[in-house]
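First residue of the sequence shown: 205, per our numbering; consecutive thereafter.
Reviewing the structure listed below.
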Amino acid sequence: MGTSITGRAIKNGSIRVDTVNIRDFSTRKTMRVDDYPYGGGAGMVMEPEPVFRAVKSVEARIGRKPRVVYMTPQARVLDQTKVESLAQEKDLVILCGHYEGIDERVLQETVTDYISIGDYVLTGGELGALVLIDAVSRFVPGVLSNEESSQFESLQDNLLEYPQYTRPEVWHQQSVPPILLSGDHLKIEEWRHEESLKRTKERRPDLLKNSYRVICVSYGEPGAAENGRLLTESVSRYGEYMDYNRRKLQKTLLRMKPWNLLLLVMPGAAGEDSAFPAEMPGAAGVEKAKPAAIPGAAGEEKTASAEGKTAVRYDPSVPFAERFRGLYGSETPAVLVGSDDEIEKASAFLENRKFRVIARVSPAVFGGDSLLRNAALDIREKVLHFH
Ligand code: 4GY
């Protein structure tokens with residue numbers, strides 16, 4: 205950990221790694237912490253008391269009860285969502301076993317998270333811990349430079365990264381895909397998404413069943429659109445975004461697939477604690493929203509921002525069923541953001557239209573960066589388990 209990026213992170217104080225030797229908490233003068241397994245069998249088992257005391261010593265030092273992660277192959281394999289959620293913690297205790305493992309009783313009393321780094325068996329948990337620390341560190345502010353960090357992570361959408369190229373333009377008779385030299389950022393983003401999908405199909409088809417195309421639909425006061433865009437971007441790199449204050453969209457047929465995720469941002473979602481108050485210029489976000497090409501959406505209209513650049517006013521007199529006349533799901537997961545009232549109305553309607561409401565989110569999430577990030581993580585976690 206002392207070299208390269210993690211080394212720099214330790215030196216600049218972004219992360220700190222302390223180790224606790226369980227042997228220091230042995231109850232015996234031999235300093236041993238292992239004993240024979242009850243019921244017989246090969247190998248040794250780590251005793252509960254030294255492990256318990258070691259964990260308690262950390263709690264006493266930091267003055268609170270941190271999450272305690274046990275590294276074991278008998279757990280769900282670590283993924284990027286879990287990494288990001290652990291990175292929100294101020295302190296993390298990582299418990300590493302040896303021999304045949306640790307007495308079950310102390311695990312039950314102290315461990316909050318069981319994590320595996322892969323389906324193979326190591327001699328101890330330490331290498332797993334290093335992997336976890338390394339992956340988590342990337343999400344700690346100050347660890348990556350602006351250059352190194354990306355708002356969007358490979359794997360955030362359960363897709364593999366697209367191929368990367370640098371100079372020279374031609375190398376060993378192979379040229380860089382011309383689109384990357386075109387300067388057309390929308391086209392490049394589209395190409396990268398396609399490449400990511402292709403690559404995932406070829407190399408990791410298992411990831412695709414947990415990969416959702418996010419489609420955000422917002423309506424309501426000015427600011428709803430911008431809030432919808434913010435939430436969409438923290439959930440997915442390739443999200444689509446649509447402002448349903450627009451009359452034309454209201455008339456469009458939008459049939460969402462089982463692999464789409466509907467993010468519905470409704471009134472109440474752009475209140476006073478909004479990240480982008482209504483008075484802010486450009487708050488409606490119409491200019492910045494990229495055209496939303498909806499694959500599989502029937503009807504002639506293909507782009508959401510085709511109508512021009514002025515903000516569209518919210519007309520509260522349009523009834524729900526009218527506004528969403530053309531909106532249909534097919535076992536499509538949906539996340540609802542808005543006032544309790546609005547959420548109530550929307551869920552009944554959406555369930556009828558064959559959407560499955562998997563989460564209800566309070567508009568308070570637009571009150572700040574970390575609230576928004578945690579909501580996005582929560583949503584990603586829920587879709588992952590929706591299947
Ligand atoms: N795989 N992922 C792993 C591991 C070693 C006996 C319990 C893994 O995270 N840790 O193989 N750990 C075993 C060794 C005690 C941990």
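C-beta atoms are modelled at their ideal positions from N, C-alpha and C, and glycine is treated no differently.
Item, Value
"Span of the alpha helix (DSSP H) around ILE219", "Taken as a continuous stretch (DSSP letters only), ILE219 belongs to no alpha helix (DSSP H), as it is neither H nor E."
"Per-residue DSSP class, three states only, for ALA291", "coil"
"Given 8 Å, three or more beta-carbon pairs between the region 319–333 and the region 278–293", "yes"
"LEU296: CB within 7 Å of a non-hydrogen atom of ligand 1", "no"
"DSSP state of LEU581 mapped onto helix, strand, coil", "helix"
"Backbone secondary structure at HIS302 - three-state DSSP", "strand"
"Ligand 1 heavy atom lying under 7 Å from the CB of THR596", "Lying outside 205 to 591, the shown extent of the chain, residue 596 is not represented and no answer is given."
"Contact under 8 Å by Cβ, SER543 with GLY432", "no"
"ILE321: CB within 7 Å of a non-hydrogen atom of ligand 1", "yes"
"The region 403–415 / the region 376–384 touching (three or more Cβ pairs under 8 Å)", "no"
"Same chain, Cβ closer than 6 Å to VAL569, neighbours up to 5 away in sequence not counted", "LEU575, LEU576, ALA579"
"Distance, SER208 Cα to VAL224 Cα", "24 Å"
"Residue of MET275, GLU313, PRO381 minimising C-alpha distance to TYR324", "MET275"
"At least 3 beta-carbon pairs within less than 8 Å: the region 290–308 vs the region 352–372", "no"
"VAL224 CB to nearest heavy atom of ligand 1 below 7 Å", "no"
"DSSP-derived helix/strand/coil call for ILE319", "strand"
"Span of the beta strand (DSSP E), counted from its first residue to its last, around THR536", "536–541"
"Alpha-carbon to alpha-carbon, PHE528 and TYR667", "Residue coverage of the chain in this structure runs from 205 to 591, which leaves residue 667 outside it and unanswerable."
"Cβ-Cβ distance between LEU465 and LEU531 below 8 Å", "no"
"Environment of GLU251 [buried if 16+ CB atoms lie within 10 Å]", "buried"
"Range of the contiguous alpha helix (DSSP H) that encloses LEU468", "Looking at the DSSP string, LEU468 is not in any alpha helix (DSSP H); the run it does join, the beta strand (DSSP E), is 464–469."
"VAL259 and VAL297 closer than 8 Å at C-beta", "yes"
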